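Undergrad:
Number of protein chains: 4
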Amino acid sequence: MSSSFGTLFRVTTFGESHGRAVGCVIDGCPPRLALSEADIQPQLDRRRPGQSGISTPRDEKDRVVILSGVESGLTLGTPVALSIANRDQRPGDYGEMASIPRPSHADFTYQAKYGVRASSGGGRSSARETIGRVAAGAVAEKWLRERFGLEIVAWVSGAGEAAAPEPDADRITRAVVDAHITRCPDPAAASAMEAAIHAAREAKDSIGGVVSCVCRGVPAGWGEPVFGKLEARLAQAMLSLPATKGFEIGSGFAGSRMRGSAHNDPFVGKGGRLGTATNRSGGIQGGISNGEPIVFRIAFKPPATIGQPQRTADFDGNPAVLEAKGRHDPCVVPRAVPIVEAMAALVLADAAMVQLARAAAAG
Amino acid sequence: MSSSFGTLFRVTTFGESHGRAVGCVIDGCPPRLALSEADIQPQLDRRRPGQSGISTPRDEKDRVVILSGVESGLTLGTPVALSIANRDQRPGDYGEMASIPRPSHADFTYQAKYGVRASSGGGRSSARETIGRVAAGAVAEKWLRERFGLEIVAWVSGAGEAAAPEPDADRITRAVVDAHITRCPDPAAASAMEAAIHAAREAKDSIGGVVSCVCRGVPAGWGEPVFGKLEARLAQAMLSLPATKGFEIGSGFAGSRMRGSAHNDPFVGKGGRLGTATNRSGGIQGGISNGEPIVFRIAFKPPATIGQPQRTADFDGNPAVLEAKGRHDPCVVPRAVPIVEAMAALVLADAAMVQLARAAAAG
Amino acid sequence: MSSSFGTLFRVTTFGESHGRAVGCVIDGCPPRLALSEADIQPQLDRRRPGQSGISTPRDEKDRVVILSGVESGLTLGTPVALSIANRDQRPGDYGEMASIPRPSHADFTYQAKYGVRASSGGGRSSARETIGRVAAGAVAEKWLRERFGLEIVAWVSGAGEAAAPEPDADRITRAVVDAHITRCPDPAAASAMEAAIHAAREAKDSIGGVVSCVCRGVPAGWGEPVFGKLEARLAQAMLSLPATKGFEIGSGFAGSRMRGSAHNDPFVGKGGRLGTATNRSGGIQGGISNGEPIVFRIAFKPPATIGQPQRTADFDGNPAVLEAKGRHDPCVVPRAVPIVEAMAALVLADAAMVQLARAAAAG
Amino acid sequence: MSSSFGTLFRVTTFGESHGRAVGCVIDGCPPRLALSEADIQPQLDRRRPGQSGISTPRDEKDRVVILSGVESGLTLGTPVALSIANRDQRPGDYGEMASIPRPSHADFTYQAKYGVRASSGGGRSSARETIGRVAAGAVAEKWLRERFGLEIVAWVSGAGEAAAPEPDADRITRAVVDAHITRCPDPAAASAMEAAIHAAREAKDSIGGVVSCVCRGVPAGWGEPVFGKLEARLAQAMLSLPATKGFEIGSGFAGSRMRGSAHNDPFVGKGGRLGTATNRSGGIQGGISNGEPIVFRIAFKPPATIGQPQRTADFDGNPAVLEAKGRHDPCVVPRAVPIVEAMAALVLADAAMVQLARAAAAG
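So the protein sequences, as listed, match chains A, B, C and D.
Going by my numbering, the residue at position 28 of the first sequence is 807; the numbering climbs one at a time, nothing skipped.
Going by my numbering, the residue at position 157 of the second sequence is 936; the numbering climbs one at a time, nothing skipped.
Going by my numbering, the residue at position 11 of the third sequence is 790; the numbering climbs one at a time, nothing skipped.
Going by my numbering, the residue at position 58 of the fourth sequence is 837; the numbering climbs one at a time, nothing skipped.
(1) Taking 7 Å as the limit between beta carbons, can you name the residues of its chain near D/R903, skipping five residues before and five after?
(2) Taking all protein chains shown into account, decide if B/R950 is buried (16 or more other Cβ within 10 angstroms of its Cβ) or exposed.
(3) Is there a Cβ from chain D that is less than 7 Å from the Cβ of B/R1012?
(4) Measure the alpha-carbon distance for A/G911 versus D/G1066 and round it to whole angstroms.
(5) Counting only beta-carbon separations shorter than 7 Å, does D/H1042 have a partner in chain C?
(6) Taking all protein chains shown into account, decide if C/G1031 is buried (16 or more other Cβ within 10 angstroms of its Cβ) or exposed.
(7) Does any residue of chain C have a CB that is nearer than 7 Å to the CB of A/R789?
(8) When you compare only the Cα positions, how much space is there between C/T791 and C/D1129?
(9) For a contact defined as C-beta to C-beta under 8 Å, what are the partners of B/L1135 on chain D?
(10) If you run the structure through DSSP and keep just helix, strand and coil, what is C/L929?
(11) Which residues, in chain order, does the region 847-858 of chain A contribute to contact with chain D at a C-beta distance below 9 Å?
(12) Taking only three categories from DSSP, how would you classify C/I1028?
(13) Tell me which same chain residues have a C-beta within less than 7 Å of the C-beta of A/S883, skipping the five on either side of it?
(14) On the criterion of 16 or more Cβ atoms from any shown chain inside 10 Å, does D/T888 qualify as buried, or is it exposed?
(15) Rounded to the nearest angstrom, what separates D/R1038 and C/R980 at their Cα positions?
(16) Using a C-beta to C-beta distance shorter than 8 Å, which residues of chain B count as neighbours of D/R926?
(17) Cβ atoms of C/L1135 and C/L749: under 7 Å apart, would you say?
(18) Are the CB atoms of A/A800 and A/A897 within a distance shorter than 7 Å?
(19) Listed from N- to C-terminal order along the chain, which residues in the region 793-818 of chain C have their beta-carbon within a distance smaller than 7 Å of any beta-carbon of chain A?
(20) Run through DSSP, which three-state label would B/E973 get?
(21) So C/T1057 is in the beta strand (DSSP E); what residue range does that whole segment cover?
(22) Nearest-angstrom Cα distance between B/D1093 and B/R881?
(23) At which residues does the beta strand (DSSP E) containing D/Q830 begin and terminate?
(24) Taking the alpha carbon of D/P998 as the point to measure from, which residue in D/A1014, D/G807, D/S1068 and D/A938 has its own alpha carbon closest?
(25) Below 8 Å on the Cβ atoms is my guess for C/F1026 versus C/F1075; work out the distance and round it to an integer in Å.
(26) Kindly indicate which residue of C/G856, C/S851, C/Q822 and C/L853 has the alpha-carbon position closest to the one of C/V843.
(27) What first and last residue would you give for the alpha helix (DSSP H) that runs through B/I845?
(28) Rounded to whole angstroms, what is the Cα-Cα separation between C/H797 and B/R811?
(29) Output needed for D/M1017: all residues of its chain with C-beta closer than 8 Å, excluding positions within five of it in sequence on either side, in chain order.
(30) How would you label B/S781, buried or exposed, when you count the other beta carbons within 10 angstroms and need 16 or more for buried?
(31) Mind checking whether C/D957 and C/A943 have CB atoms under 7 Å apart?
(32) Who are the near neighbours of C/F927 in its chain, counting only those whose CB is closer than 8 Å to its CB and skipping five residues on each side?
(33) Put D/T854 into one of helix, strand or coil per three-state DSSP.
(34) What does a CB cutoff of less than 8 Å around D/F1046 pick up in its chain, not counting 5 residues either side in sequence?
(35) Who are the neighbours of C/R896 on chain B, taking C-beta pairs under 8 Å?
(36) Do C/A938 and C/V1112 count as a contact pair if the criterion is CB distance below 7 Å?
Next comes the structure, spelled out in structure tokens:
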């Protein structure tokens, strides 16, 4: 239940961190889209562990295989199933956690919910679950780019106490983002973040962070009132990612402290379309895109699995000390960047198709 | 499309601000629940305009009528349809807005999406749409209270630049919240907020705010991985409310600046169940409730409709000045309190029923 | 749960036979469709009881009221809520049935399912539930007619042992169908049916029947593999009607006795499009419309509520004799005609919108 | 779109006949169910081609692999992904069909819908698509058997003009059904069917048939009014199978010719529960199971792909003669038996879980 997302562009993901494979089925992918594994692999490579000295050394090649829905390099309109094998399984790393649930992890809640759990703890809460999302998102993004010229770029805007100034959302590119291993486009902040991540690793600790994202080229009219408002779907999508604690669109929490006269975005003519002079709305008004860039931010908590000893309790409530073994990221936000982009693409592809139906229906 | 929310406890809302009625259909309400209009009306009364000197003087009685699904004071398990008449319609107030879309309102986006819009502007983006949610939420909440002893309390924790210290989430009650017209439980902050709202009204301006909410008594195990994580559904629910710009659960954005060793919630035995010593998780781990109180916050922007003149553009992109007429709240957060509670109840009732099915399925 | 139907053109019905109102909410109705109560009422009038000497004398005016979603005679694209009051309630008629469930009715199963039931017995299984469907179907049909030139005509092809020869599906009209109170377009068969219905009424008994339906003007390409095949959705729609026992498309059960060489529909050029020389496929191949008329048949059992005494058992399993009182149709098929048309329209409107999205998506 | 089925026990299938794999994802499978490939393989073996002299010689081993959702032989409650490789691909067999759509097949409609199609013609309309259903159905059936003691048995009751008398639905077993390669439990009819199938094969022709099915042990209360009536879901499920043309439950079309006094099923006490003396209702009343065996029948048309030459038209509408090559069943009903059982299991597992939720909700 609930491993599916979307109405017309509908993705179902599957897979635990330590099973045979992870992947997804995309039901509703538009037909006649040129598609091969090479279109999907780059975002998986940006997501995968072991990319740099600041991420987990768990080594997974994460090669995607298209099982169905594509022939002669074109999508057929039928379900596109994507599978990625799990290769580097070390269930032994999780031995102690059989009796002591990791604090702030999903070991306890999965056990409470299902009465059983994967040996690795919170199976579907693993970061590996996001592989299916990234693969599906790459397909969605390719379609959005080719059909609408849409661009999605995410970046790291905070890591621990280091924060980056806002870049120009109209211009930032993935190349600029990837220029630093932290995926923070501001060089000074990037250096501070890198240092903070290394310090956390040294201390067998972890730090949280913030990912920002802009979607450029979204036409006015996407998003469905009431429960399908575009920001509501984005919020659901982002808060469905592991380790997320918050979501802001446009002015966000800071906007709540403003007056309307200062917050409102005045309309201006923009070469044939109606635009806004400012963008505190974050590209969405009344749940519907207004043609301006969609801009939002997501808060990620520090990873729960840390190497230093923690005083906690075992499943029976007895005091215990846990020292997690295994390979874990001290900070997830650099690798979260392509995941956020993927979820944005899934939200937008679905909203686009629903609006295409309506526009065509009205004749 | 997308006026429905939930899987097993499923609500569909209908109605524009200036049509004949607003309301909802609840499909999947448990049978044999004692229910009458008197169970629903109190939350509608807390939501309705004209309650106090700080809200819009638009006078609506907002009396709910049960059209179906209840007989002899008991739900039948069949759809419960609830209807609330619109009485105080003044379409004339919206004359000028026919040619000039209100900045940061939904007039422009509804027109772009549908090629038509209600005379009152963004019809379904109106605050009156939330009446159906509040009515449905009152039913959900009654069931949650009787079946699980669950309690939901929201309050105003910020209005403009005035912010309240965090109350004790374990004890705060609606009576305490309602003791002040701002619905802020901290007397000093409440006074500052009231002053700020009056000042905004004087200036024909508006201010934003923050609503906080706690859900007590949620057992461990509610919430569905992956896209149905409990915080993801809460985020969708809250960002589907008019004028919302952000959502935080537990430690929220502040948590993103912490280290894991300081952020993790250690487990402790709590009289027969496993609890946590702190609650930075906000009652949810891995998308699933852990038995601790669920705590979250929502940012509301300042209302877009303000009386003072605004430089903007008309639908054709020509410069224009708009002075909105009509009756509008200078600050929505006091009235948003029961709406937030209603959406929390809808999320939790649905999650509860899905988990009841699973628990019963596993035998 | 499950009072909703459709994905993009989505209808939710509500209401018991003896509550305050019945009706529906249409979420996803295309915007800018000219719509008033006068567009909906005619099909409700064809459905309502008391039309002729062969239906129940229960007298309901069944006047539809549009509660939302329409302004100045145009749909807004927002939910269209339709309500029809229940006026002629006589709960007293159902007294004896409080202890004795009617054989082959839903009294027993509703009690088993919900642990409670409406005083009228199987509340949502009542024929009055279909009012919401007919109202929604009239809206769907208007859109299909205006947007695609589509025509839907149903008729009675069997009543008890009387069966009518197949009419020319390309030409049959509602005017021809309505020329006889049985809604059978074959005069001789119609007379036999009328006699059979009168005989059943005289005997305080009831008879079953068959309704046939043709949908003309459906373009090739509607219907979604796999579980959304057009015939699968039609079958679900029709078997969701009260008292139905069977569904056939095209050659139906007779086709199961044929050889492929005799059953296959050869393709032929038809003025610019590819058509078929015969139509044993019933207008659908592989779950997708092929441009030929869609033709299907539905079997209705004899109504379960009959006036003559029946030996049965009470809820406790003790032998009992039941003589149903109240006003009941001896044969439902004449009034089922507009209901079948409505469900066909709902299936097709939804399939149309989904295919419009895909066609637009492929660019 | 629409490759998913079910609400709480939700299956998504993927795969074309000539791609890399076919399979499914089951989202919502109850946790702690003992499950291995050996539980699934037997029904796939009953479905697979090449079992006997009367089916297609296409040789596929159809070995299922569990990709996720199971650890240490128990389901985790997370998505169970099942994959079955396609091994025996011979796209060359479909050469001529590139320009000539097979009559009554899906080549034309897939092309019309998607503007592209698999080289094998109607990709997802292939019988191989049903593999994912059978695999998922085996899982559903195992849960239903262990949790409720439920039994599902289908058999061939008609092939071409040969029809079998109705067996005792209370006693028929799969062992009896499988005793003859036709899967008809009546020896005389089975011989006639076998002869008819051989004759059709000799003539490079095909024949249709009828599959009947009984579900024993379904408790009263499953099935959701209105659009989720149990017979409506069964009808959708069965009409979603390739080559189906009709569905009947209980008395079916024959019931439409009866009087109510003869058709009604009188209630009788049956050892502590209320049962019926006859079962013309087919185990369902008002859309809800009544505790009696659920009995239904499905009509399958003769396979469209036949070896003998057919006069038809090419895609451009020009007259053409088609002689299909490749390996095709002259009659699908023997192999359809496990597919029908699978779809019945999927419908019932989902209905069971929804009713478990309701029963638990009412407390």
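Backbone N, C-alpha and C fix where the C-beta goes; we use that ideal spot for every residue, glycine too.
Being a predicted model, the structure only gives us computed values, none of them experimental.
TA: According to the data block:
(1) E795
(2) exposed
(3) no
(4) 38 Å
(5) yes
(6) buried
(7) no
(8) 13 Å
(9) L1135, A1136, A1139 and A1140
(10) coil
(11) S847, G848, V849, E850, S851, L853, T854, L855, G856, T857 and P858
(12) strand
(13) A1083
(14) buried
(15) 11 Å
(16) A1140 and G1142
(17) As shown, chain C starts at 780 and ends at 1142. That puts residue 749 of chain C outside it, with no answer to give.
(18) no
(19) P809, P810 and R811
(20) helix
(21) No beta strand (DSSP E) holds C/T1057; DSSP gives it neither H nor E.
(22) 9 Å
(23) Taken as a continuous stretch (DSSP letters only), D/Q830 belongs to no beta strand (DSSP E), as it is neither H nor E.
(24) D/S1068
(25) 7 Å
(26) C/Q822
(27) Counting along the chain, B/I845 falls outside any alpha helix (DSSP H), though it belongs to the beta strand (DSSP E) covering V843 to I845.
(28) 18 Å
(29) T1023, F1026, F1075, I1077, V1119 and M1122
(30) buried
(31) no
(32) G996, V997, P998 and A1131
(33) strand
(34) L1053, G1054, T1055 and A1056
(35) L855
(36) yes
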